[in-house]
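Here is the structure we will look at, set down as structure tokens.
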Amino acid sequence: MDLTVEPNLESLINSSTHRWIFVGGKGGVGKTTSSCSIAIQMATAQPNKQFLLISTDPAHNLSDAFGEKFGKDARRVTGMTNLSCMEIDPSAALKDMNDMAVANNTQGSGEFSDLLQGGALSELTGSIPGIDEALSFMEVMKHIKNQENGDGDKYDTVIFDTAPTGHTLRFLQLPTTLSKLLEKFGEITSRLGPMLNSFAGANNVDLVGKMSELKSNVEKIREQFTNPDMTTFVCVCISEFLSLYETERLVQELISYDMDVNSIIVNQLLFAEYDEGESCKRCQSRWKMQKKYLDQIDELYEDFHIVKMPLCAGEIRGLNNLRKFSQFLRTPYDPVADSKVIYELEQQD
Amino acid sequence: MNSWLSLILAFLVLEKVWPLIESMIQRLTQASSSKMKELMHQKRAIQEQQKQISAQDEYVKWTKNNRTLEKINKQIEDEKKQLVAKVDRTKASLKKVKLALITVPFTILKIYKRQLPIYELPKGIFPNYLQGLFQHGWLYLALGPLNIKKVSDGAHVTVSLAIWLFAVTKVVSTLEGIWQSLTAPSIAAPAVTTDPIEELNEHVIDPVDQPVD
Numbered sequence: 001m002d003l004t005v006e007p008n009l010e011s012l013i014n015s016s017t018h019r020w021i022f023v024g025g026k027g028g029v030g031k032t033t034s035s036c037s038i039a040i041q042m043a044t045a046q047p048n049k050q051f052l053l054i055s056t057d058p059a060h061n062l063s064d065a066f067g068e069k070f071g072k073d074a075r076r077v078t079g080m081t082n083l084s085c086m087e088i089d090p091s092a093a094l095k096d097m098n099d100m101a102v103a104n105n106t107q108g109s110g111e112f113s114d115l116l117q118g119g120a121l122s123e124l125t126g127s128i129p130g131i132d133e134a135l136s137f138m139e140v141m142k143h144i145k146n147q148e149n150g151d152g153d154k155y156d157t158v159i160f161d162t163a164p165t166g167h168t169l170r171f172l173q174l175p176t177t178l179s180k181l182l183e184k185f186g187e188i189t190s191r192l193g194p195m196l197n198s199f200a201g202a203n204n205v206d207l208v209g210k211m212s213e214l215k216s217n218v219e220k221i222r223e224q225f226t227n228p229d230m231t232t233f234v235c236v237c238i239s240e241f242l243s244l245y246e247t248e249r250l251v252q253e254l255i256s257y258d259m260d261v262n263s264i265i266v267n268q269l270l271f272a273e274y275d276e277g278e279s280c281k282r283c284q285s286r287w288k289m290q291k292k293y294l295d296q297i298d299e300l301y302e303d304f305h306i307v308k309m310p311l312c313a314g315e316i317r318g319l320n321n322l323r324k325f326s327q328f329l330r331t332p333y334d335p336v337a338d339s340k341v342i343y344e345l346e347q348q349d
Numbered sequence: 001m002n003s004w005l006s007l008i009l010a011f012l013v014l015e016k017v018w019p020l021i022e023s024m025i026q027r028l029t030q031a032s033s034s035k036m037k038e039l040m041h042q043k044r045a046i047q048e049q050q051k052q053i054s055a056q057d058e059y060v061k062w063t064k065n066n067r068t069l070e071k072i073n074k075q076i077e078d079e080k081k082q083l084v085a086k087v088d089r090t091k092a093s094l095k096k097v098k099l100a101l102i103t104v105p106f107t108i109l110k111i112y113k114r115q116l117p118i119y120e121l122p123k124g125i126f127p128n129y130l131q132g133l134f135q136h137g138w139l140y141l142a143l144g145p146l147n148i149k150k151v152s153d154g155a156h157v158t159v160s161l162a163i164w165l166f167a168v169t170k171v172v173s174t175l176e177g178i179w180q181s182l183t184a185p186s187i188a189a190p191a192v193t194t195d196p197i198e199e200l201n202e203h204v205i206d207p208v209d210q211p212v213d
């Protein structure tokens, strides 16, 4: 029995069970390129399914990667029939919430109404640490609800282009944190009961009911995120000490959250020894350093899919370039046979 | 010596010595955790190893050591929690034992034998009211003025167990206080960098000449 793990993401790309795929790692290692590549390959391999690529990084790059504008509403990628993209915009989402609050408070008057009209709610809540992660989480909950109720657009798989490591870990902790919070809230409501609804004002809002619904949704998400058949995390790194150390930290944290992680994409590899002609001393020296860490990655993560991606001659922007680059997620990059590809990237404006 | 008095003295000594017995038993409980020692030893060994290898040159070994350290730290935390729980259980048990073997019997004995005469004092040394207090105990404070309790006839007045115990415990706690203050670690005097008189003079402002009208 061959126990070696394939150095590609073929099994993930062809997976019919995965609903949530997170792509994350240190800043600047190629998360956006990798998440776009994974999304493109999955959409190409499974044309009958719908895929959604969401950016949860406040410094969005999806629009730049595809060379077209995406917003807070999912929009299909030009040239793809089953891949849509979305960039969650915290300020726009908070403005929507503020407008809803204004609409609900039409009968009110005085300073509170003036504050709402002035957008005070969105300004106040927009600066709360962790608000980006909370809004991304709300988006996840909305999708789960849509799936169950059959409302809105249905997506078979959602791929997350995440923020750098710390923010993502905070996002992934949200189900557990919220779950504990809501449990405490449940204890309070069992004692105070309907009295709590009076705090919600004269709008007859069933606070207890809404909190119970939120709790059940959060539990569903927690179950799905810890199910290895439904959720996986793809780590992206480069072959340097700091990036590897952060990847190791990320892997250990994810394991502690019971989250499946079995793939690592190592980006920006030089493969300088295979260059035609004489490569520069700097590239040779850098490649030597990268190789040293590559060998160690193979040893350290022997049961992971380690995918080695080349550093291209140009920027990987636009659908065509991303398609060319993403093929190496399925078939491992051969520095001799595939070297021409990295020079064939089209110039993007 | 009266057997009751011996018993009461024994209880008194036991009550004073009990904290020592308690701390000895707790120390024995903590010392019996050999697993904790082993884990700490393992942790120190790996930390020493980490200091000697280069993270960049031997990244695999360094990372594997880090993983082992994480596991050991977690085990140490769990072991600590178990130890704290064990110590708390021991404390709770000892508290119950003290209550059952010392506090309750001693209290019953003190109440039951409160008027047991310990020794006699010649009458006339202390005011009558105090003599009544010595003989009948604290109740005399309330009942004496109502003539319900009276000082006995005779040339001597007895000192009851209640009052004698009160005096003994007061003396013992005073001696304990003196011992603690003598053996407490000394607090170093604050360092004085400037001459206090010079510092005082720095703030003296020369009077401004008043304008002459």
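For the protein sequence lines, the chains are A and B, in the order given.
If you read the first sequence in UniProt numbering, its first letter stands for residue 1, the second for the next number, and so on.
If you read the second sequence in UniProt numbering, its first letter stands for residue 1, the second for the next number, and so on.
Even for Gly, the Cβ is constructed at its ideal location relative to N, Cα and C.
Since the structure is predicted, the reported quantities are computational estimates derived from the model, not experimental observations.
Taking only beta carbons into account, state which residues of the segment 249 to 263 of chain A come closer than 8 Å to chain B, listed in chain order. Q252
Does the Cβ-Cβ distance between A:T189 and A:R222 come in under 8 Å? no
In angstroms, rounded to a whole number, what distance separates the CA positions of A:Q46 and A:N14? The alpha-carbon separation between A:Q46 and A:N14 amounts to approximately 7 Å.
On the CB-based measure, 16 or more other CB atoms within 10 Å of its CB, does A:L174 come out buried or exposed? buried
Which residues in the same chain as A:P164 place their Cβ atom closer than 7 Å to its Cβ, once the five residues preceding and following it in sequence are excluded? Excluding residues within five positions, the ones whose Cβ falls inside 7 Å are K26, G27.
With the cut-off set at 8 Å, would you say A:Y274 and A:V341 are in Cβ contact? no
Looking at the secondary structure, which residues open and close the alpha helix (DSSP H) in which A:S326 lies? A:S326 -> alpha helix (DSSP H) spans 319 to 326.
For A:S55 versus A:E87, is the C-beta distance shorter than 8 Å? Cβ atoms of A:S55 and A:E87: closer than 8 Å.
For the putative contact between B:F134 and B:V171, defined by C-beta atoms under 8 Å, what is the C-beta separation to the nearest angstrom? The pair is not a contact, with the Cβ atoms about 16 Å apart (cut-off 8 Å).
Let me see if you follow: with CB-CB separation under 8 Å, is B:Q30 close to chain A or not? No, because no Cβ of chain A sits closer than 8 Å to the Cβ of B:Q30.
For A:M86, which residues does DSSP report across the bridge? A:I54
A:S16 in three-state terms, based on DSSP: In the structure shown, A:S16 sits in coil (DSSP, three-state: anything other than H, G, I, E or B).
Using only the alpha-carbon positions, how far apart do B:N147 and B:L139 sit? 12 Å
What's the gap between the Cα of A:M1 and the Cα of A:N321? Legend: pLDDT at A:M1 = 49, less than 50; position of this residue unreliable, value from coordinates given subsequently. Cα to Cα, A:M1 sits roughly 38 Å from A:N321.
B:L9 - DSSP class collapsed to helix/strand/coil: Helix.
For chain B, check one thing: does any of its Cβ atoms lie closer than 8 Å to the Cβ of residue 376 of chain A? The first residue shown for chain A is 1 and the last is 349, placing residue 376 of chain A beyond what the model contains.
Give, in chain order, every unbroken run of the alpha helix (DSSP H) that is at least 4 residues long and sits entirely within the segment 189 to 276 of chain A. 207 to 225, 241 to 256
Where does A:M1 sit, in a helix, a strand or coil, going by DSSP? Note that A:M1 scores 49 on pLDDT, short of 50, meaning its location in the model is unreliable; the coordinates nonetheless yield the value given after this. Reduced to three states, the DSSP call for A:M1 is coil.
Please name the residue or residues paired with B:Y119 in a DSSP beta bridge. B:V159
B:T68 at chain A interface by Cβ criterion, 8 Å: No, B:T68 lies away from the interface with chain A (no Cβ there is under 8 Å from its Cβ).
Along the chain, where does the beta strand (DSSP E) that runs through A:M309 open and close? 305 to 310
By DSSP, does A:G186 sit in helix, in strand, or in coil? helix
Can you tell me where the alpha helix (DSSP H) holding A:D298 begins and where it ends? DSSP places A:D298 inside the alpha helix (DSSP H), whose first and last residues are 281 to 300.
Smallest Cα separation from A:L269: which of A:R249, A:F304, A:Y333? A:Y333
Selection from B:S181, B:E120, B:T193 that minimises the alpha carbon distance to B:I163: B:E120
In terms of alpha-carbon separation, which member of A:M230, A:M309, A:F160 lies closest to A:S16? A:M230
State the CB to CB distance for the pair A:F233 and A:G24, rounded to an integer number of angstroms; the pair is presumed to be in contact (CB under 8 Å). Yes, A:F233 and A:G24 are in contact; Cβ-Cβ is about 7 Å, under 8 Å.
Segment contact flag, the segment 154 to 162 of chain A with the segment 48 to 68 of chain A, C-beta cutoff 8 Å, min 3 pairs: Segments in contact, yes.
Sequence-distant residues of its chain with Cβ nearer than 6 Å to B:S33 (five each side left out): L83
CA-to-CA distance, B:K86 to B:L101, given in whole angstroms: 22 Å
Opposing strand residues paired with A:F160 [DSSP bridges]: A:F22, A:I54
Counting pairs of Cβ atoms below 8 Å between the segment 65 to 74 of chain A and the segment 301 to 320 of chain A, do you hit three or more? yes
In the DSSP assignment, find the unbroken alpha helix (DSSP H) run with B:K110 in it and report its ends. 104 to 112
If we define contact as Cβ-Cβ less than 8 Å, is A:V5 a contact residue for chain B? no
Should A:I265 and A:V307 be called a contact, given that it needs their Cβ atoms to be closer than 8 Å? In terms of Cβ geometry, A:I265 and A:V307 form a close pair [threshold 8 Å].
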